[in-house]
Amino acid sequence: MSFLLDIHELPRRAGEYREYRLDLLLESPLGLDLISIDRGERILVEISATSVDEGVLIRANLRGMAKGECARCLEPVSIDVNQDFDELFEYPSKASALSKDEIETDEILRVEDDHVDLATPIRDAILLALPVNPLCAPDCPGLCSHCGVALRDVEQGHAHDQPDQRWSALSALAEKLKEGEPRDGR
Ligand SMILES: [Zn+2]
Ligand SMILES: [Zn+2]
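Numbered as in my numbering, the sequence shown ends at 437 without a single skipped number.
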């Protein structure tokens, strides 16, 4: 999908600025595996674009709602994204001395005709705002390693006094082997 911002109304004279507002419906999710702003959700980007000598300086605030699941207990988690970002888009004339290959590997953002492409800054701002390991609560106790129940939902001191069925089957087998040992050995 397109994240182009049309800035043809912005005079290319240093110090001039315009304000813009993008209300975008996402066509594909933006974020991380465990948490992202989903396809079909909106993001709101409020932008002030200022002409500077070398290009256009974008200062923006991005808001949206990210949803995912807790990395410990897998409960649904939602996070209000409210992230600022600044980005300088340079005029292409600055790049004229570089070869085509250099331009392509270059990470400098360019003003293209009368627009700037906010795809990379928007993606980066969302990544910056999201935790790699989202948690339903900072102290989420996660799942019981024994039975898999969410420990938040069970009474304090949840424990397993009884050995697991599989282990009791194994120890019964061990007992049997021990009993059989002397006879088989001779
Ligand atoms: Zn959790
Ligand atoms: Zn348990």
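Every residue gets a Cβ at the ideal spot worked out from N, C-alpha and C, and that includes glycine.
These numbers were taken from a predicted model, which means no experiment stands behind them.
Under 6 Å, CB to nearest heavy atom of ligand 1: contacting residues: C321, R323, C324, E326, L386, C387, C391
Cβ-based neighbour list, A376, same chain, cut-off 6 Å, excluding 5 preceding and 5 following: Residue mapping note: residue 376 aligns to position 125 of the sequence shown, counting from 1. Around A376: L313, Q334, F336.
Can you tell me whether V328 is buried or exposed, with buried defined as 16 or more other CB within 10 angstroms of its CB? Stepping through the sequence shown from its first residue, residue 328 is reached at position 77. V328 comes out buried.
Indicate the three-state DSSP secondary structure (helix, strand or coil) for S287 in the structure shown. As a first step, residue 287 is located in the sequence shown; it is residue number 36 there, counting from the start. Correct three-state label for S287: strand.
Threshold first: 4 residues or longer. Then list the alpha helix (DSSP H) segments lying entirely within the stretch 377-408, N to C. none
Nearest to L281 by alpha carbon, out of A410, L339, L379? In the sequence shown, counting from the first residue as 1, residue 281 sits at position 30. Ranking the options by Cα distance to L281, first place goes to L379.
Kindly list the residues whose CB is nearer than 8 Å to the CB of D365, restricted to its own chain and excluding five residues on each side of it in sequence; keep chain order. Translated into the one-based positions of the sequence shown, residue 365 becomes position 114. D257, I258, H259, listed in sequence order.
Residues that DSSP places opposite Y268 in a beta bridge: As a working note, residue 268 is residue 17 in the sequence shown. DSSP lists T301 as partners of Y268.
On the premise that F254 lies in contact with I373, defined as a C-beta separation below 8 Å, what is that separation, rounded to the nearest angstrom? By 1-based counting over the sequence shown, the position of residue 373 is 122. By 1-based counting over the sequence shown, the position of residue 254 is 3. 5 Å between Cβ atoms; contact.
Going by beta carbon distance, what residues of the same chain come within less than 7 Å of C395, once the five residues before and after it are set aside? For the purposes of this step, residue 395 is taken as the residue at position 144 of the sequence shown. Answer for C395: L402, H409, listed in chain order.
Length of the line joining the Cα atoms of P262 and D284: Position 11 of the sequence shown holds residue 262. Position 33 of the sequence shown holds residue 284. Each residue's Cα considered, the two are about 41 Å apart.
Given a cut-off of 9 Å, decide if D274 and I216 are closer than it, judged by their beta-carbon atoms. Lying outside 252 to 437, the shown extent of the chain, residue 216 is not represented and no answer is given.
If you count every other CB in all the chains shown that lies within 10 Å of the CB of V383, and 16 or more means buried, which is it? Translated into the one-based positions of the sequence shown, residue 383 becomes position 132. Exposed.
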